[in-house]
Amino acid sequence: MSVIVTFVGIILPYITIVAFFGGFIYRIKGWLSIPVPMPISVTYPQSRGEQVKNIASAILIFPDLFRKDRNLWFGAWPFHVVLAIIIIGHWRLFMDIPDRILMAIGYTTQGIEHLSSVFGTTVGIIFFIAVLYLLVRRITQVTLRNMSNPADYFVLLWLLGIAATGLTMRFVGLPYTNIATMQNYFWGIFTLHPIAPPTDPIFLTHYLLAQLLLISLPFSKLIHPIGIFFTQGIKHSLVVQKQVR
Amino acid sequence: MSNMSEKDMSEKDVNPFDLPPSPSKEMPNMSPEKLLKKLAFKNIEMVPEKERPQKILKAMEAVLKERRSVATYLDTCTKCGACAERCHFYIGTEDPYNMPAHRVDLFRKVYKKHFTIGGKLLGSFIGAEEMTNEVLEEWRKYFYSCTECRRCSIFCPFGIDTAEITMAAREVMLRVGLGMNYVNKIIANLYGAGNNMGMQELAFWNSVQFCAEEIKDEMGIEVEFPGVKENPEDKMAKPKVGAEILYVPPSADLFVNVDTQIGAMLVFHAAGADYTMSHSASEAADFGIFQDYVDLKEINKRVVDEANRLGVKKVIYGECGHGWRAAKNIIEAWNGPLNFKVEHILEYTERLIREGKIKLDKSRVKEVVTLHDPCNLARGAKLLEPQRYILRHAATNFKEVAPEKSREYTFCCGGGGGLLTEELMDLRMKGGKPAAEAIRDVGAKILAVPCAICKAQFHVLMPYYNLDIEVGGVLDIVGKSIVIEGAKVPEEVEEAMAGKSKCSLCDAEFSSMDKCCEHAEKEHKISKDQCNMACESM
Ligand code: HEM
Ligand code: SF4
Ligand code: SF4
Ligand code: SF4
């Protein structure tokens with residue numbers, strides 16, 4: 035194995051795991067250790083059911099953003115939805131669970147492969163377009179250009195890179211993106227008996243970019259899905275939904 | 005403020021002249037400048053320029069450890085831009101640093117450089133920057149160009165509240181002696197004289213007396229005086245110990261916005277309330293919220309102490325925006341547990357109307373009335389409905405500002421957040437433009453604003469944009485329409501009701517507004533509720 039393959043496929047994954055999970059715990063613990071001297075008072079809906087419903091919708095469909103900045107919603111919401119689908123799709127590379135569920139509802143192995151290639155590719159393309167939209171928006175809008183620093187563009191370029199390499203693999207149809215090979219590889223990592231990863235340069239690039247993104251996640255603005263539970267976002271959507279009649 | 009226990013009232017017959025000195029009198033009677041020096045504001049130190057960056061970092065560290073909001077807001081922002089064009093100062097000045105997230109960036113860049121792993125590793129690539137005196141200059145400019153109005157936070161997908169960062173940044177600057185002259189002077193006034201206006205006790209009671217006399221002159225009734233006098237002729241008075249309610253107005257109501265104070269006194273009178281006022285609690289405002297948590301708590305505590313001393317069951321805050329935001333958010337949390345309930349005068353008045361304890365005759369106010377939602381009430385304390393309920397009952401023609409510019413979407417008047425000073429007039433007028441336009445579009449004659457700072461700002465703002473709109477409080481209008489047995493309708497109100505009016509479309513004159521409206525309906529096909537399009541009082 036070359037040095038690069040060893041690093042990307044065997045050493046870096048452990049660094050990623052530690053940085054990703056350790057990073058999140060470190061950040062959340064850090065936030066929780068700070069007191070909240072002035073809790074900002076807002077009125078909540080009375081019933082718990084309503085609260086749960088509102089919080090769920092705040093996280094799942096960004097209704098607040100839809101109401102108040104629709105242009106951004108049209109970039110951000112599809113982006114996050116396909117991101118979620120992609121994350122679920124990648125789950126197959128670690129575990130059988132998604133496949134088993136699909137089989138339980140009547141899919142054959144072939145059917146799943148078909149679903150993966152058609153649906154997965156579509157989602158990948160939507161993702162690419164959505165990121166491009168966010169990037170174009172950031173470049174063309176004066177307000178955004180004014181407040182962006184290099185990293186703000188870079189994250190989006192990075193996501194484009196991940197999406198492009200991922201899609202390339204699909205279009206080229208590399209044989210070893212086979213589920214079984216990948217599961218073997220990942221379980222080797224998880225059980226601390228790493229085996230050699232696939233060595234295709236496109237795959238390695240995709241894998242490297244993805245890992246670096248995961249490492250930076252807890253330490254960058256990409257921590258926002260956790261942050262939303264600490265800021266006023268959810269509270270606002272509770273209140274405003276009630277008052278906009 | 006729901007579960008506060010009621011205090012048992014055993015001290016009913018304490019002699020009011022035998023009380024321990026009230027807190028405001030422990031402060032020496034001196035000029036603000038002198039007091040400023042003496043107080044040194046507990047935490048302020050004039051730091052020489054060379055040492056400032058270093059000291060700033062120390063103060064930043066303290067703030068970051070003290071308030072969770074600061075770090076979470078700084079970390080969570082995705083720079084999505086949803087807040088960018090929501091700030092009235094950005095709309096008015098088009099200065100990019102007045103975009104909320106960009107304003108925060110001034111603080112964030114230093115935070116990143118000195119307090120985060122990413123910033124230490126990647127530096128300016130992720131927008132991190134060293135703290136220097138130049139950065140501090142930018143801070144001074146832009147954190148004093150924010151009224152802490154929170155409009156941006158309503159539009160942010162994460163609810164990130166720039167106001168919190170502004171407060172933090174101002175407190176940090178204060179620690180190296182870079183506070184704001186105006187705010188410091190007001191706070192010195194408060195510690196010195198007991199209120200922002202710097203009114204001494206005699207002036208305070210004189211002013212209350214003046215309002216009572218105004219009522220007598222105008223309406224021919226004797227309202228109950230919210231204090232005790234040894235002799236009826238005395239100018240000086242004392243608060244009533246054991247009264248049920250302590251009314252705490254913004255001191256500006258006793259100085260410039262007397263109609264609001266009169267409105268409140270009439271409400272209390274009509275409801276037969278047992279209430280008192282006190283020079284030691286003569287200020288509902290709390291300028292601490294504009295720069296320093298220490299003062300914020302201290303100033304709020306004065307009201308709590310006085311309420312305890314008098315043994316009241318309830319404290320009612322007057323028409324003050326930020327004062328109510330401060331009180332609502334901290335009074336129980338920081339100065340509790342409380343022996344009394346806390347209510348806003350608007351909530352109180354609304355309840356009295358609902359329960360039929362006071363009666364309003366809305367036909368007395370025929371002009372189109374509109375409402376400005378002070379951001380501190382709307383977004384800072386979620387006080388939105390009572391003022392609407394009241395105005396619907398106190399005025400015939402109450403029209404709302406467009407929904408996307410009212411309630412929690414309201415634009416700040418541009419004078420809040422401690423910026424109500426002559427030096428910032430240009431900024432204030434630019435920042436007030438969106439609010440002025442929103443109000444102009446309603447086509448109202450009277451603007452009701454339940455906030456003393458808003459009132460002061462609108463008094464300048466309206467003429468600046470050539471708008472002929474009368475500015476007052478919500479209670480001012482209640483004062484006009486309130487029905488009290490044995491009282492006559494004030495002359496001014498009567499004139500406006502019956503006064504001559506003119507049709508602006510054909511210059512015909514009429515003996516009353518009603519007649520003119522009838523004419524407009526018949527001749528110009530203008531329906532009665534849009535009568536103001538044609539008829540003007542003369
Ligand atoms: C919980 C609710 C969430 C909300 C309200 C939210 C909102 C946003 C917003 C407003 C943006 C900015 C888009 C722009 O750049 O203009 C964004 C970007 C992004 N979000 Fe989320 N997000 C959420 C959850 C997540 C989750 C769970 C992830 C997964 C890790 C995620 C990953 C990303 C990424 C990778 C970006 C692109 C970064 C960029 O634009 O520079 N988000 N999000
Ligand atoms: S709090 Fe108000 S003044 Fe300050 S940045 Fe936000 S919108 Fe602008
Ligand atoms: S709306 Fe919120 S997340 Fe978006 S740029 Fe403004 S503060 Fe940041
Ligand atoms: S003066 Fe009024 S509008 Fe302006 S900040 Fe205060 S409450 Fe808001």
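Going down the list, the protein sequences come from chains A and B. In terms of our numbering, the first sequence opens at residue 35 and continues consecutively. In terms of our numbering, the second sequence opens at residue 5 and continues consecutively. We put the CB at the ideal spot given by N, CA and C, even for glycine.
Partner residues on chain B for residue i, Cβ-Cβ distance less than 7 Å
i, result
"A:LYS63", "None at all; the shortest Cβ gap to chain B is about 12 Å."
"A:GLY261", "THR76, ASP79, THR80 and PHE162"
"A:PRO184", "PHE129"
"A:HIS258", "THR80, THR82 and PHE162"
Residue i versus residue j: straight-line alpha-carbon distance, rounded
i, j, result
"A:PRO228", "A:GLY222", "4 Å"
"B:ALA398", "B:TYR469", "28 Å"
"A:PHE205", "A:THR199", "10 Å"
"B:LEU479", "A:ARG104", "39 Å"
"B:LEU250", "B:VAL316", "6 Å"
"B:LYS345", "A:PHE161", "54 Å"
"B:ILE394", "B:LYS366", "10 Å"
"A:LEU127", "B:LEU125", "33 Å"
"B:SER410", "B:SER531", "26 Å"
"A:ILE260", "A:LEU251", "11 Å"
"B:PHE147", "A:THR225", "53 Å"
"B:LEU110", "B:ASN261", "38 Å"
"B:VAL307", "B:VAL464", "30 Å"
"B:CYS539", "B:VAL373", "15 Å"
"A:TYR78", "B:ALA88", "Note that A:TYR78 has pLDDT 45, beneath the 50 cutoff, so the model's placement of it is unreliable and the number below is only indicative. Straight-line Cα distance between these residues: approximately 27 Å."
"A:THR142", "A:LEU149", "10 Å"
"A:ASP133", "A:ILE139", "10 Å"
"B:GLN461", "B:ARG90", "20 Å"
"B:VAL114", "B:GLU175", "15 Å"
"A:LEU4", "A:PHE100", "Lying before the first or after the last residue shown, residue 4 of chain A is absent from chain A, which here runs from 35 to 279."
"B:ALA256", "B:ILE190", "12 Å"
"A:ASP186", "A:ALA164", "16 Å"
"B:ALA333", "A:PRO71", "One point to set straight first is that residue 333 of chain B is Asn, not Ala, in the sequence displayed. Spanning the two alpha carbons is a distance of roughly 10 Å."
"B:ASP430", "B:PRO438", "14 Å"
Beta-carbon proximity of residue i to residue j, cut-off 8 Å
i, j, result
"A:LEU248", "A:GLY195", "no"
"B:GLY477", "B:THR170", "no"
"B:SER300", "B:ALA330", "Position check: residue 300 of chain B holds Leu in this sequence, whereas Ser was assumed. For B:LEU300 and B:ALA330, yes; Cβs fall inside 8 Å."
"B:GLY163", "A:THR265", "yes"
"B:ALA289", "B:PRO254", "yes"
"B:THR82", "A:LYS255", "yes"
"B:GLU323", "B:PRO454", "yes"
"A:VAL116", "A:VAL86", "no"
"B:LEU194", "B:GLU310", "no"
Chain-ordered chain A contacts of residue i [CB-CB under 8 Å]
i, result
"B:GLU617", "No answer is possible for residue 617 of chain B: it lies beyond the span of chain B, which begins at 5 and ends at 542."
"B:GLU302", "Near B:GLU302 there are no residues of chain A at all, since even the closest Cβ is about 14 Å away, more than 8 Å."
"B:ASN185", "Those do not exist, as B:ASN185 stays about 25 Å from chain A at its closest Cβ, beyond 8 Å."
"B:HIS106", "ASN180 and MET181"
Within chain B, the residues that residue i reaches when beta carbons sit closer than 8 Å
i, result
"A:THR202", "By Cβ distance, chain B contributes nothing, its closest Cβ being about 27 Å from A:THR202, past 8 Å."
"A:ILE95", "Ordered by position in chain B, no residue passes the 8 Å Cβ test against A:ILE95, which lies about 12 Å from the chain."
"A:LYS102", "ALA86, ILE158 and PHE159"
"A:LEU99", "ALA86 and PRO161"
"A:ALA110", "CYS84 and PRO161"
Per-residue contacts from residue i into chain A (C-beta, under 9 Å)
i, result
"B:MET103", "THR177, ASN180 and MET181"
"B:ALA297", "For the record, residue 297 of chain B in the displayed sequence is Tyr; it is not Ala. Correct list: PRO71 and MET72."
"B:GLU404", "Going along chain A, no residue has its Cβ under 9 Å from B:GLU404, so there is no contact; the nearest lies around 13 Å."
"B:ASN200", "Within chain A, no residue comes near B:ASN200; the closest Cβ sits about 21 Å away, beyond 9 Å."
Residue i CB to nearest heavy atom of ligand 5 below 7 Å
i, result
"B:PHE162", "Of the ligands one can find in the structure shown, namely ligand 1, ligand 2, ligand 3 and ligand 4, none is ligand 5."
Amino acids of chain A, ordered along the chain, whose beta-carbon sits closer than 7 Å to that of residue i
i, result
"B:ASP109", "MET181"
"B:GLY122", "PHE253 and SER254"
"B:TYR77", "THR265"
Closer than 9 Å at the beta carbon, the chain B residues around residue i
i, result
"A:LEU106", "CYS84, GLY85, ALA86 and PRO161"
Item to check | At least three beta-carbon pairs within less than 8 Å, the region 411 to 427 of chain B to the region 364 to 379 of chain B | outcome: yes
Next on the checklist: Assess contact between the region 290 to 307 of chain B and the region 509 to 519 of chain B, defined as three or more Cβ pairs (one per stretch) separated by less than 8 Å. Is contact present?
Outcome noted: no
Item to check | Every unbroken beta strand (DSSP E) inside the region 289 to 359 of chain B [3 residues or more] | outcome: 318 to 321 and 345 to 348
Checklist entry - Three or more C-beta pairs closer than 8 Å, one from the region 87 to 99 of chain B and one from the region 152 to 169 of chain A: is that the case here? => result no
Item to check | Segment contact, 8 Å Cβ cut-off, at least three pairs: the region 132 to 149 of chain B with the region 51 to 63 of chain B | outcome: The answer is yes - the region 51 to 63 of chain B touches the region 132 to 149 of chain B, with three or more Cβ pairs under 8 Å.
Checklist entry - Three or more beta-carbon pairs under 8 Å between the region 179 to 191 of chain B and the region 100 to 119 of chain B, yes or no? => result no
Next on the checklist: Assess contact between the region 276 to 283 of chain B and the region 198 to 216 of chain B, defined as three or more Cβ pairs (one per stretch) separated by less than 8 Å. Is contact present?
Outcome noted: yes
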